[in-house]
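For the record, the sequence lines run as chains A and B. Here the first sequence is numbered in the working numbering, starting from 800 and rising by one per residue. Here the second sequence is numbered in the working numbering, starting from 4 and rising by one per residue. We treat Cβ as the ideally placed atom computed from N, Cα and C, and that holds for glycine. As the structure is a prediction and not an experimental result, all values here were calculated from the model. Some notes on the structure that comes next.
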Amino acid sequence: MLSLVVDNAPGVLMRISALFRRRGINIHSLAVSVTEDPKISRITMVVDCPAVRMDVVLRQLRKLIEVHWVRDITDAKRTERELALVKVNASPEVRHEVLEAARVFRARPVDLTERTVTLEVTGGSEKIDALIDVLRQYGIREVVRTGAIALLRGTAVT
Amino acid sequence: MAKAMVDRTTRTLKGAEAVVQLLEELGVRWIFGIPGGASLPLYDALYDAHGIQHVLVRHEQVAAHAATGYARASGEVGVCTATSGPGATNLVTGLADAFMDSAPVLAITGQVVRPNIGTDAFQEADVTAITMPVTKHNYLVMDPAELPWVVREAYYLCRAGRPGPVLVDIPRDVLQAEIPTELLRAPFEPRYQPVLDGDPARIAEAAEAISQSRRPILYVGGGAQGASEPLARLARRCRIPVTVTLMGKGAFDETDPLCLGMLGMHGTAYANYAINEADLVIAVGARFDDRVTGRLKDFCPHARFIHIDIDPSEIGKNKPAHIPIVGDARRVLEVLEPLVHPPDLEAWWRQIEEWRTRYPLRWRPGRMLKPQQVIEAIYQATRGEALVVTDVGQHQMWAAQYYKCRRPRQFITSGGLGAMGFGFPAAMGAQFARPEDLVIAIVGDGGFQMTLQDLITAVEWRLPLKIYVINNGAHGMVRQWQQLFYNERYSHVFLRNPDFSRVAEAFGAVGIRVETEEQMHGAIQRSLEVQDRPVVVDFIVDPEENCYPMIPSGQSVKEMILGE
Numbered sequence: 800m801l802s803l804v805v806d807n808a809p810g811v812l813m814r815i816s817a818l819f820r821r822r823g824i825n826i827h828s829l830a831v832s833v834t835e836d837p838k839i840s841r842i843t844m845v846v847d848c849p850a851v852r853m854d855v856v857l858r859q860l861r862k863l864i865e866v867h868w869v870r871d872i873t874d875a876k877r878t879e880r881e882l883a884l885v886k887v888n889a890s891p892e893v894r895h896e897v898l899e900a901a902r903v904f905r906a907r908p909v910d911l912t913e914r915t916v917t918l919e920v921t922g923g924s925e926k927i928d929a930l931i932d933v934l935r936q937y938g939i940r941e942v943v944r945t946g947a948i949a950l951l952r953g954t955a956v957t
Numbered sequence: 004m005a006k007a008m009v010d011r012t013t014r015t016l017k018g019a020e021a022v023v024q025l026l027e028e029l030g031v032r033w034i035f036g037i038p039g040g041a042s043l044p045l046y047d048a049l050y051d052a053h054g055i056q057h058v059l060v061r062h063e064q065v066a067a068h069a070a071t072g073y074a075r076a077s078g079e080v081g082v083c084t085a086t087s088g089p090g091a092t093n094l095v096t097g098l099a100d101a102f103m104d105s106a107p108v109l110a111i112t113g114q115v116v117r118p119n120i121g122t123d124a125f126q127e128a129d130v131t132a133i134t135m136p137v138t139k140h141n142y143l144v145m146d147p148a149e150l151p152w153v154v155r156e157a158y159y160l161c162r163a164g165r166p167g168p169v170l171v172d173i174p175r176d177v178l179q180a181e182i183p184t185e186l187l188r189a190p191f192e193p194r195y196q197p198v199l200d201g202d203p204a205r206i207a208e209a210a211e212a213i214s215q216s217r218r219p220i221l222y223v224g225g226g227a228q229g230a231s232e233p234l235a236r237l238a239r240r241c242r243i244p245v246t247v248t249l250m251g252k253g254a255f256d257e258t259d260p261l262c263l264g265m266l267g268m269h270g271t272a273y274a275n276y277a278i279n280e281a282d283l284v285i286a287v288g289a290r291f292d293d294r295v296t297g298r299l300k301d302f303c304p305h306a307r308f309i310h311i312d313i314d315p316s317e318i319g320k321n322k323p324a325h326i327p328i329v330g331d332a333r334r335v336l337e338v339l340e341p342l343v344h345p346p347d348l349e350a351w352w353r354q355i356e357e358w359r360t361r362y363p364l365r366w367r368p369g370r371m372l373k374p375q376q377v378i379e380a381i382y383q384a385t386r387g388e389a390l391v392v393t394d395v396g397q398h399q400m401w402a403a404q405y406y407k408c409r410r411p412r413q414f415i416t417s418g419g420l421g422a423m424g425f426g427f428p429a430a431m432g433a434q435f436a437r438p439e440d441l442v443i444a445i446v447g448d449g450g451f452q453m454t455l456q457d458l459i460t461a462v463e464w465r466l467p468l469k470i471y472v473i474n475n476g477a478h479g480m481v482r483q484w485q486q487l488f489y490n491e492r493y494s495h496v497f498l499r500n501p502d503f504s505r506v507a508e509a510f511g512a513v514g515i516r517v518e519t520e521e522q523m524h525g526a527i528q529r530s531l532e533v534q535d536r537p538v539v540v541d542f543i544v545d546p547e548e549n550c551y552p553m554i555p556s557g558q559s560v561k562e563m564i565l566g567e
């Protein structure tokens with residue numbers, strides 16, 4: 800998992816994603832948003848990259864002049880969140896079970912129809928994976944996930 | 004009252020005028036390019052320019068290659084320009100070449116007016132997106148007020164750290180916009196500061212490793228072109244053998260007995276044996292390219308690596324470095340050299356001399372002219388002094404093998420991209436950079452035809468270029484591969500060529516055709532006497548000659564083919 804601080808300007812995301820594309824590295828998830836400073840954006844990305852190559856990729860990212868800094872926070876102590884919306888089949892016979900499962904994972908129902916429930920869940924990626932696994936038996940219609948965001952714990956600068 | 008006074012003294016100038024004025028102040032003397040709709044304001048400003056001369060080429064690819072030749076011959080920034088859309092896309096090959104070979108090239112392109120961007124307007128192309136993977140950095144200037152610092156930062160970035168091409172794309176209405184002159188004076192703080200000095204602890208470690216080594220070798224790349232003095236001191240005082248890459252030619256005197264010539268796919272057998280038996284490889288400004296290493300896991304199986312490079316992302320990219328040193332090669336070697344105690348290399352040199360005697364570079368005379376023989380004759384006639392620019396293919400490798408270079412920036416070639424069509428335009432650029440020097444282009448019959456329309460540009464500027472065509476009637480290197488690796492199935496590789504000497508005459512250059520050894524010497528002499536225009540000498544050579552030694556692609560030194 801990488802955390803990048805970059806200029807909030809057109810083309811920056813393309814330059815960064817192109818760097819991964821060119822080296823055949825898949826971006827597993829990507830979250831970008833502006834920070835407390837409107838000129839600066841933070842990117843959190845999870846990439847499938849062997850550790851040996853990651854070192855070179857980090858150095859290549861650092862060469863881009865719009866990139867202020869990059870950290871590999873895979874092994875760091877951090878607070879990590881991802882948000883997902885999961886639309887699952889929930890006919891009246893199983894609706895109770897579905898909502899019970901949601902309660903265990905502290906997922907909130909945000910939409911309800913005769914046949915479906917849409918749940919909102921936040922947490923680490925693994926928790927969301929676990930909820931999705933549980934819901935699979937009822938038939939998942941759609942899932943959308945934001946991708947992970949993370950900050951280091953305490954006073955450490957991410 | 005005060006405000007009114009400020010208003011009276013505030014002056015403006017057009018965006019295009021600002022660009023030209025800034026380039027003049029930065030020291031730019033030549034721009035290679037072709038005008039067009041979107042860059043009209045820039046050309047209007049060039050009409051009044053005093054310090055800058057514009058060279059009108061006949062194809063934008065030539066502009067980019069000429070700027071590259073200029074940059075590589077001088078070490079200064081080479082500048083090229085093109086209009087939007089097709090003009091800009093024609094620059095791409097040249098930019099990719101400059102990127103792969105780390106040449107400082109500034110490209111300025113016109114773009115359609117801002118309101119038309121994204122509407123598929125006439126002659127519109129998303130040039131920043133297209134050139135992103137082949138430039139060090141690029142800009143689309145949407146705010147006229149940003150134009151001055153963008154031009155200055157772009158120029159700075161071309162040479163900061165590892166050099167490379169930078170592109171500035173400017174919409175026509177930004178070129179026409181009024182800019183307050185004080186913006187030209189605004190302080191400029193570059194956003195990128197390379198690390199120039201190597202880590203002293205690492206340098207000490209490297210010095211210790213060299214002092215302890217028994218079979219060291221210097222592996223010198225293009226990044227050492229600015230470090231030749233401390234490099235020569237280190238090699239000569241410690242008697243360390245030196246091998247140069249295609250890009251490193253000239254960074255160390257190839258006529259010095261310490262030099263084993265070029266290594267890699269078409270390097271000398273003794274250089275390749277030496278580096279593969281080495282216990283310590285000192286890589287200076289070299290990037291472990293596959294044309295040098297062959298199969299990576301078998302490259303230098305016994306060696307530890309010291310890797311000196313200004314670009315931190317090169318270190319460990321292809322081969323892990325045991326002692327990585329990030330910094331400017333000259334500065335690092337200046338600190339490193341005095342710390343080294345000369346190791347005992349008696350046995351090592353005995354071994355190397357045995358290889359050198361047993362496997363020399365060689366060619367056999369035949370009924371027809373041999374390409375190697377032509378290069379040797381050119382080398383003799385020019386006393387090894389010429390600035391040599393080559394195209395891409397067999398002739399390029401023969402030139403690298405048989406034209407020994409003694410000074411930095413003496414050999415200019417498309418190493419990384421291997422762009423056919425590079426040689427002649429780059430030679431033009433080199434001649435603009437070094438008007439007093441003897442500049443020769445060694446080209447093949449295939450590559451020359453990709454950009455030879457610009458002979459007229461060389462004639463127009465009365466450039467005394469010598470263009471030596473090594474004419475074997477084929478895309479020779481491809482033919483060689485088809486012969487060796489595709490069962491002699493010669494697929495679309497033979498060329499029906501024009502009479503190059505008559506083509507040259509038609510353009511107003513001098514043309515000479517050579518078929519025999521007797522004609523060869525006289526023709527080279529005659530070509531050297533022409534001083535007011537380019538000369539094309541067409542050497543008809545043996546079409547069956549192959550380039551050896553050769554390590555087949557992706558193999559190791561064990562699979563080296565030494566030749567017939």
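Item to check | Contacts of residue 810 of chain A in chain B (Cβ-Cβ under 7 Å) | outcome: Listed along the chain, the chain B residues whose CB falls inside 7 Å of the CB of residue 810 of chain A are 131.
Item to check | Coil, strand or helix - residue 952 of chain A by DSSP | outcome: Under the three-state reduction of DSSP, residue 952 of chain A is assigned to coil, being neither helix nor strand.
Item to check | Bridge-paired residues (DSSP) for residue 415 of chain B | outcome: In the DSSP output, where bridge partners are listed per residue, residue 415 of chain B has B:392.
Checklist entry - Would you call the CB atoms of residue 41 of chain B and residue 138 of chain B closer than 9 Å? => result In this structure, the beta-carbon distance from residue 41 of chain B to residue 138 of chain B does not fall below 9 Å.
Checklist entry - Of all Cβ atoms in chain A, is any one closer than 9 Å to the Cβ of residue 288 of chain B? => result By the rule that beta-carbons nearer than 9 Å mark a contact, residue 288 of chain B does not touch chain A.
Checklist entry - So residue 183 of chain B is in the beta strand (DSSP E); what residue range does that whole segment cover? => result Counting along the chain, the unbroken beta strand (DSSP E) around residue 183 of chain B starts and ends at 181–183.
Checklist entry - Going by beta carbon distance, what residues of the same chain come within less than 8 Å of residue 372 of chain B, once the five residues before and after it are set aside? => result The answer, listed in chain order, is 517, 518, 519, 520, 523, 542, 543, 544 and 545.
Item to check | Exposure label - residue 252 of chain B; buried when at least 16 CB within 10 Å | outcome: Answer is buried; the Cβ neighbour count reaches 16.
Checklist entry - Just to confirm, are residue 205 of chain B and residue 326 of chain B a CB contact at a threshold of 9 Å? => result Contact flag set, yes.
Checklist entry - Is residue 68 of chain B close to chain A, meaning its C-beta is less than 9 Å from at least one C-beta of that chain? => result At a cut-off of 9 Å between beta carbons, residue 68 of chain B makes no contact with chain A.
Item to check | Three-state secondary structure (DSSP) of residue 231 of chain B | outcome: Helix.
Item to check | Own chain partners of residue 559 of chain B with C-beta closer than 6 Å, once the 5 adjacent residues on each side are dropped | outcome: Sequence-distant Cβ neighbours of residue 559 of chain B in its own chain, meaning closer than 6 Å and more than five residues away, are 297, 298 and 301.
Next on the checklist: If I follow the unbroken beta strand (DSSP E) through residue 830 of chain A, where does it start and stop?
Outcome noted: Counting along the chain, the beta strand (DSSP E) containing residue 830 of chain A begins and ends at 825–833.
Next on the checklist: Does any residue of chain B have a CB that is nearer than 9 Å to the CB of residue 862 of chain A?
Outcome noted: Closer than 9 Å: yes.
Checklist entry - When you compare only the Cα positions, how much space is there between residue 284 of chain B and residue 38 of chain B? => result Just so you know, the alpha carbons of residue 284 of chain B and residue 38 of chain B end up roughly 49 Å apart.
Checklist entry - What is the DSSP secondary structure of residue 5 of chain B, counted as helix, strand or coil? => result Because the pLDDT of residue 5 of chain B is 45, which lies under 50, any placement of that residue in the model is unreliable, and the number read from its coordinates should be weighed accordingly. Here residue 5 of chain B sits in helix by DSSP.
Item to check | Integer Cβ distance of residue 393 of chain B from residue 441 of chain B, believed to fall under 8 Å | outcome: The pair is not a contact, with the Cβ atoms about 15 Å apart (cut-off 8 Å).
Next on the checklist: Restricting to Cα atoms, I'd like to know which of A:831, A:938, A:891 and A:929 is closest to residue 807 of chain A.
Outcome noted: Measuring from the Cα of residue 807 of chain A, the nearest candidate turns out to be A:831.
Checklist entry - Anyone know if the C-beta pair for residue 811 of chain A and residue 804 of chain A falls short of 9 Å? => result Cβ atoms of residue 811 of chain A and residue 804 of chain A: not closer than 9 Å.
Next on the checklist: Tell me which residue opens and which closes the alpha helix (DSSP H) that residue 459 of chain B is part of.
Outcome noted: If you look at residue 459 of chain B, you'll find it in the alpha helix (DSSP H) that goes 458–463.
Next on the checklist: Going by DSSP, what residue range makes up the alpha helix (DSSP H) through residue 35 of chain B?
Outcome noted: Following the DSSP letters along the chain, one finds residue 35 of chain B in no alpha helix (DSSP H) but inside the beta strand (DSSP E) bounded by residues 33–36.
Item to check | Selection of the stretch 185–213 of chain B by Cβ proximity to chain A, strictly under 8 Å | outcome: Hits within the stretch, in order: 194 and 195.
Checklist entry - Alpha carbon to alpha carbon, what distance is there between residue 823 of chain A and residue 849 of chain A? => result Their backbone Cα atoms lie some 12 Å apart in a straight line.
Checklist entry - When you check each C-beta in the stretch 848–859 of chain A against every C-beta of chain B, which residues fall closer than 7 Å? => result Hits within the stretch, in order: 854, 855, 858 and 859.
Checklist entry - For residue 847 of chain A, which three-state DSSP category applies? => result If DSSP states are grouped into helix, strand and coil, residue 847 of chain A belongs with the strands.
Next on the checklist: If distances are taken between C-alpha atoms only, which option among B:174, B:278, B:273 and B:197 comes closest to residue 22 of chain B?
Outcome noted: Of the candidates B:174, B:278, B:273 and B:197, the one whose C-alpha sits nearest the C-alpha of residue 22 of chain B is B:174.
Item to check | Proximal residues, the stretch 289–319 of chain B versus chain A, C-beta separation under 7 Å | outcome: Taking 7 Å as the Cβ-Cβ cut-off against chain A, the residues of the stretch 289–319 of chain B that qualify are 315, 316 and 319.
Next on the checklist: Going by DSSP in three states, residue 895 of chain A sits in which element: helix, strand or coil?
Outcome noted: Taken through DSSP and simplified to helix, strand or coil, residue 895 of chain A comes out as helix.
Item to check | Pick from B:355, B:329, B:215 and B:262 that is closest to residue 276 of chain B, judged by C-alpha positions | outcome: Nearest of B:355, B:329, B:215 and B:262 to residue 276 of chain B, Cα basis: B:355.
Item to check | residue 557 of chain B, buried or exposed, once every other Cβ within 10 Å from all chains shown has been counted against 16 | outcome: Residue 557 of chain B should be labelled exposed.
Item to check | Contacting positions in the stretch 325–337 of chain B - beta carbon closer than 7 Å to chain A | outcome: Listed by position along the chain: nothing, the set is empty.
Item to check | Same chain only: Cβ atoms within 7 Å of residue 458 of chain B, ignoring 5 sequence neighbours per side | outcome: If we look at residue 458 of chain B and ignore the five residues flanking it on each side, its Cβ neighbours are 507, 510, 512 and 537.
Next on the checklist: Between the alpha carbons of residue 44 of chain B and residue 87 of chain B, how many angstroms are there, rounded?
Outcome noted: Residue 87 of chain B has its alpha-carbon roughly 13 Å from the corresponding atom of residue 44 of chain B.
Next on the checklist: Determine, for residue 844 of chain A, whether the minimum Cβ-Cβ distance to residues of chain B falls below 9 Å.
Outcome noted: Output row for residue 844 of chain A: interface = no.
Next on the checklist: Below 7 Å on C-beta distance, what does residue 140 of chain B contact in chain A?
Outcome noted: Ordered by position in chain A, the residues that pass the 7 Å Cβ test against residue 140 of chain B are 864.
Checklist entry - Does residue 813 of chain A get closer than 9 Å to chain B when you measure Cβ to Cβ? => result At least one CB of chain B lies nearer than 9 Å to the CB of residue 813 of chain A.
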